[in-house]
Structure formats: C-alpha cells, structure tokens
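Asker: The structure follows.
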Amino acid sequence: MSAGISTSQLALDWSSGLTSAWASIASFVPKLVIFLIVMLIGWLIAKAVSKLVRMVLDKVGFARLLDRSGISKFFQNSNFTAITLIEKLVYYFILLITLQLALSAFGPTNPVSAIVNDIVAWLPKAIVAIIIVVIAAAVARVVRDLLSGSLSALSYGATLAKIASWFIIALGVIAALNQIGIGLAVTTPVLVVVLATIAGVIIVGVGGGLIGPMRQRWDGWLDQMSADTKAAKEHNQTRTANRQGQGQYPVAGQGQRPAAQGQPQNYPAQEQFQSPQGAQQFAPPPGASPQQGYPDDRPTQQFDAGNRPPQP
C-alpha cells in the first residue's frame, strides 16, 4: 500500500516538473522570437541611418572642417577616418537602443537591461563631448592663424599664437570632460599638481638665488618686446602710408596718371603745360625712349591748346 502511494507521488512529481518546464519554455520562446525580430529591425535601421549620416557629412564638407581644425592628423596612422568613426558610433548607438528595446521583452528587472540602460544614457553625453572638442580645435586653429598673421612682425608672435591655441583647446577638453561627468575627478587633481609645481619652482628659485638672473632675463625680454612693438608700429605706419599713396592720383607733372581702358598703366606722365596759347608735349608710351619716339618711329607730336586730343 505504501509502495503504491510512493510510486504515484513520484509520477506526480515528474509530471508536474515536466509541466512547469514546458510552461517555462512556452513562455520563453515567444519572448525570444520578439527579441530576435526587434534586433533584426534595429540592425537594418542602424545600417541605413549610418550610411545616411556618412552621406550628409560628405555633402556638408565635414572632412574639410576636420582638416582645418587639425583633428584629421590624429587619424593618419589609423585604418579609418573621423567620418568613419562617426558612422560607426551612430551605428552602434542605434544597435544599443535596439538592444534596450529588445531586452524589455524579457522583463524590466533583468540585469542586462540595467547595464544597457546606463550605456545608452551615457552615449549622448560622449557624442556631445566629441563635438565640443572638434569645435574647440577649429576655433583654436582660426585664432592661431589670426594671431600669427597680426603679430608676424613680433619675434614672440608665433609663441603667443600657440599659447592662445592650446588654451582654447584646454578649455574645450575641460568642457567635454564636464559633459561626460568626469571633469571634476580629472581636472581638479591636474590643476592642483600644476599649481603646486609652479609654487615649488618659485620657492626653490627664490631660495636659490633666482631673483638676480630672472631680473636680468626679464629686462632683456622687456627690451626685446619694446623693440618689437616699435618695429611693428613703424611697419604698420609704413604700410598704411603706402596704401594711402596708392589710392591717390598724382597731379600732372608730379607723378602718374590713370590709363584709359585697354592701355597699360603706370607709365610716366611727362606733360608740360604752358600758357593757354602755348603747346603741350605728350611723352612717348612705355617701351620707347624719348629719343626713339613712338614705336612706329613717328616724332613726338605738338598739339595746340585749342586742338588738344581728349584725355584718356
């Protein structure tokens, strides 16, 4: 009697176990199918959007912007370009969003969904940080070119331009680090180390007799800066005077006169004006000396004041 009861209980346990296993499989398979379908659709969308982003970047000339900002040189030794990197970032970003949606089929409490949610929430910040660095590098390059051109007469102009460029890039990097949430954790210790190093150098230098040599060096630097500033000022004044002189037409007998359309310019004007009853002698055109006359060996003509040809 007891043996029969135990056998029936064992058979019942086996049947209940198989039933629960079959129920678990039956509930899991639809979720797996939904997961695979969502991932397939997301993969197709990611491929299409990444190709579209590449086409748009090529159309707007994003590669030229990277060349001007100097960022493209960091990809010279790599197997892909900056545009390819952006294309891959967009592709994997859409795949992560798709994975986040697909994992929701298994329920919101699974640990994989939590990790993917954190990554998806962080990726937009990373993209914005990259854009900030690109813009800062482009602005830094423009500022460096402007300062190099405007301070070319100074011996330290190129150095000041580089310092300003690196300062702008440093600000962009700090802003990017703050954007992704690691700015304070990275920039604060670096600033503390730099300030401590500067303070240590000053203390050791003052204690070791750095005041005298630095005073002489500063005097030399100040003298050089004063001389460079004076030379730059004289250069600007000379250039301004030359521009003003080129923009004025000289009077007759004291310079040059504008040539008519189709005639060469900058030929010497040697007009000699006499009394109203006198004559006016015109100089030969360019390429002929006063002794040779005109190119066709005609002598220089004399015109009366009343029969004077029209001025060009």
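Sequential numbering of the sequence shown, starting at 1, is according to the UniProt record's numbering. Cβ coordinates follow ideal geometry from the N, Cα and C atoms, glycine included. Predicted, not measured: the structure shown is a model, and the values here were computed from it.
#1: State buried or exposed for THR98, treating a residue as buried only when at least 16 other CB atoms are found within 10 Å of its CB.
#2: Could you give the uninterrupted runs of the alpha helix (DSSP H) lying entirely in the segment 116-180, keeping only those of 4 residues or more?
#3: Compute the beta-carbon to beta-carbon distance between ARG168 and VAL139, rounded to the nearest angstrom, for a pair I have assumed lies under 8 Å.
#4: Taking only the alpha-carbon atoms, compute the straight-line gap between ARG64 and ASN79 and give it to the nearest angstrom.
#5: Between which residues of its own chain and LEU57 is the CB-CB distance below 6 Å, once the five residues before and five after are set aside?
#6: Within its chain, find whatever has a CB closer than 7 Å to the CB of SER20; leave out the 5 residues flanking it on each side and keep chain order.
#7: Using 8 Å for Cβ pairs, my map puts LEU147 next to ALA161. What's the rounded Cβ distance?
#8: In chain order, which continuous runs of the beta strand (DSSP E) of length 3 or greater are located wholly inside the segment 21-85?
#9: Consult DSSP for GLY94 and reduce its assignment to one of helix, strand or coil.
#10: Could you work out which residue in TYR92, GLY107, LEU222 is closest to ALA46 when comparing CA atoms only?
#11: For the candidate residues LYS88, LEU89, VAL116, ILE182, whose alpha-carbon lies nearest to that of LEU101?
#12: Just the C-alpha distance for VAL112 and PRO30, rounded to the nearest angstrom, thanks.
#13: If contacts are defined as beta-carbon pairs under 8 Å, then GLN180 and ALA126 qualify, I think. What distance do you get, rounded to the angstrom?
#14: Beta-carbon within less than 6 Å of TRP22's beta-carbon, same chain only, minus the 5 sequence neighbours each way: which residues are those?
#15: CA-CA distance, LEU40 and ALA196?
#16: For GLY42, is the classification buried or exposed, using 16 other Cβ atoms within 10 angstroms of its Cβ as the cut-off for buried?
#17: Using beta-carbon positions only, say whether LEU96 and VAL120 come within less than 8 Å of one another.
#18: If distances are taken between C-alpha atoms only, which option among ALA158, SER226, VAL142 comes closest to LEU66?
#19: What does the alpha-carbon distance come out to for the pair ALA105 and LEU89?
#20: Near ALA129, which residues of its chain fall below 7 Å by C-beta distance, leaving aside the five closest residues on each side in sequence?
#21: Can you tell me the Cα-Cα spacing of GLN244 and ASN236, whole angstroms?
#22: Does the distance from the C-beta atom of GLU87 to that of VAL60 stay below 8 Å?
#23: What separation, rounded to the nearest whole angstrom, lies between the Cα atoms of GLY149 and LEU103?
Answerer: In brief:
#1: Numbered from its first residue, the sequence shown carries residue 98 at position 98. Buried is the call here.
#2: List check, alpha helix (DSSP H) in window: 157-179.
#3: Residue numbering aside, residue 168 sits at position 168 when the sequence shown is read from its first letter. Residue numbering aside, residue 139 sits at position 139 when the sequence shown is read from its first letter. Here the sequence assigns Ile to residue 168, which means Arg is not the residue at that position. Indeed they touch by this definition, with Cβ atoms about 6 Å apart.
#4: Position 64 of the sequence shown, counted from the first residue, corresponds to residue 64. Position 79 of the sequence shown, counted from the first residue, corresponds to residue 79. ARG64 and ASN79 have their C-alpha atoms roughly 19 Å apart.
#5: Translated into the one-based positions of the sequence shown, residue 57 becomes position 57. Take LEU57, set aside five residues on each side of it, and the residues of its chain with a beta-carbon closer than 6 Å to its own are ILE83, in chain order.
#6: One-based indexing of the sequence shown puts residue 20 at position 20. Closer than 7 Å at Cβ, skipping near neighbours: no residue.
#7: Your numbering for residue 147 matches position 147 in the sequence shown. Your numbering for residue 161 matches position 161 in the sequence shown. Contact flag correct, Cβ pair sits at about 4 Å.
#8: Qualifying beta strand (DSSP E) stretches: none in this window.
#9: The sequence position of residue 94 within the sequence shown is 94, counting from 1. It is worth fixing the name first, because residue 94 is Ile in this sequence and not Gly. Here DSSP, grouped into helix, strand and coil, assigns ILE94 to helix.
#10: Translated into the one-based positions of the sequence shown, residue 46 becomes position 46. Across the set TYR92, GLY107, LEU222, the C-alpha of TYR92 shows the shortest separation from the C-alpha of ALA46.
#11: Within the sequence shown, the letter at position 101 stands for residue 101. Closest option to LEU101, Cα to Cα, is VAL116.
#12: Within the sequence shown, the letter at position 112 stands for residue 112. Within the sequence shown, the letter at position 30 stands for residue 30. The alpha-carbon atoms of VAL112 and PRO30 are separated by roughly 19 Å.
#13: Here residue 180 corresponds to residue number 180 of the sequence shown, with the count starting at 1. Here residue 126 corresponds to residue number 126 of the sequence shown, with the count starting at 1. In the sequence under discussion, the amino acid at residue 180 is Ile, which differs from the Gln named in the question. That belief holds up - the Cβ atoms of ILE180 and ALA126 are roughly 6 Å apart, short of 8 Å.
#14: As a working note, residue 22 is residue 22 in the sequence shown. Same-chain partners within the cutoff: there are none.
#15: Along the sequence shown, read from residue 1 onward, the residue named residue 40 stands at position 40. Along the sequence shown, read from residue 1 onward, the residue named residue 196 stands at position 196. Each residue's Cα considered, the two are about 56 Å apart.
#16: Here the question's residue 42 lines up with position 42 in the sequence shown. GLY42 sits buried, since 16 or more C-beta atoms from the chains shown fall within 10 Å of its C-beta.
#17: Here residue 96 corresponds to residue number 96 of the sequence shown, with the count starting at 1. Here residue 120 corresponds to residue number 120 of the sequence shown, with the count starting at 1. Yes, these two residues count as a Cβ contact at 8 Å.
#18: As a position in the sequence shown, residue 66 is number 66, starting the count at 1. The residue with the shortest Cα to Cα distance from LEU66 is VAL142.
#19: In the sequence shown, residue 105 corresponds to position 105, counting from 1. In the sequence shown, residue 89 corresponds to position 89, counting from 1. Cα to Cα, the separation comes out at about 25 Å.
#20: In the sequence shown, residue 129 corresponds to position 129, counting from 1. Cβ contact annotation for ALA129 (same chain, cutoff 7 Å, sequence separation greater than five): ALA176, GLN179, ILE180, in chain order.
#21: Stepping through the sequence shown from its first residue, residue 244 is reached at position 244. Stepping through the sequence shown from its first residue, residue 236 is reached at position 236. Those two C-alpha atoms are separated by around 12 Å.
#22: Residue 87 sits at position 87 when you count from the first residue of the sequence shown. Residue 60 sits at position 60 when you count from the first residue of the sequence shown. Contact flag unset, no.
#23: Translated into the one-based positions of the sequence shown, residue 149 becomes position 149. Translated into the one-based positions of the sequence shown, residue 103 becomes position 103. Within the model, the alpha-carbon separation for GLY149 versus LEU103 is close to 57 Å.
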